[in-house]
Amino acid sequence: MPPHRRIDADGHPTLAELEESIRTDDLWSTRLLAVERKAVRDVIGYCGLVDGRGSAGEPELAFELLRRVWGQGYATEAASAVLDWARSSGYERLWATVWDWNTASRRVLAKVGFTETERKVVDPVHGTTLFTTRRL
């Protein structure tokens, strides 16, 4: 887990603090957007583009949602919106990396048109990172 999302001995960052950092773009790339439910107006995660481990000029799709909203289609909806934006912004191809054991995220990536490549990075502690790509 990145240091800015680790909970310290005093319980920080809290969920409210993380929500505020996503809303205000503190600690986040300018191309990561808060995923907010319209009806409730609560931030449930983020989705966007980051400078990833793909090819130069081809950013990586990144998303992460709170566990309480998993399986409700929000990741797919957010990823689709980011892909539409990326296409209209002139990107021709995007990457996404995912742990091999993360079947839910792999399904989201497949639903929005990413395909797995032969490229992999093996980490003896965390598992294998798979590289996926999608032409726009």
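Under the numbering used here, the first residue of the sequence shown carries the number 0, and numbering increases by one thereafter. We put the beta carbon where it would ideally sit given N, CA and C, even for glycine. Just so you know, these numbers come straight off a predicted model, no measurement behind them.
Assuming residue 108 is part of the alpha helix (DSSP H), what are its boundary residues? Note, residue 108: alpha helix (DSSP H), 102-110.
Does the segment 42-56 come close enough to the segment 80-96 that 3 or more CB-CB pairs lie under 8 angstroms? With a cut-off of 8 angstroms, the segment 42-56 and the segment 80-96 count as touching, because enough Cβ pairs lie within range.
To the nearest angstrom, how far is it from the Cα of residue 30 to the Cα of residue 8? 31 angstroms
Note the first and the last residue of the continuous beta strand (DSSP E) segment covering residue 60. Its beta strand (DSSP E) spans residues 59-64.
Between the Cα of residue 101 and those of 46, 69, 33 and 13, spot the shortest distance and give me the residue it belongs to. Relative to the Cα of residue 101, the nearest Cα in the group 46, 69, 33 and 13 belongs to 69.
From residue 98 to residue 40, what does the alpha carbon distance come to, in whole angstroms? 30 angstroms
Per-residue burial, residue 78 [other beta carbons within 10 Å of its own, 16 or more giving buried]: When all chains shown are included, residue 78 counts as buried.
Grouping DSSP H, G and I as helix and E and B as strand, with all else coil, what is residue 45? strand
Output the boundary residues of the beta strand (DSSP E) element that contains residue 118. Taken as a continuous stretch (DSSP letters only), the beta strand (DSSP E) holding residue 118 covers 114-122.
When you compare each of 117, 46 and 105 to residue 61 by their alpha carbons, which one comes out closest? 46
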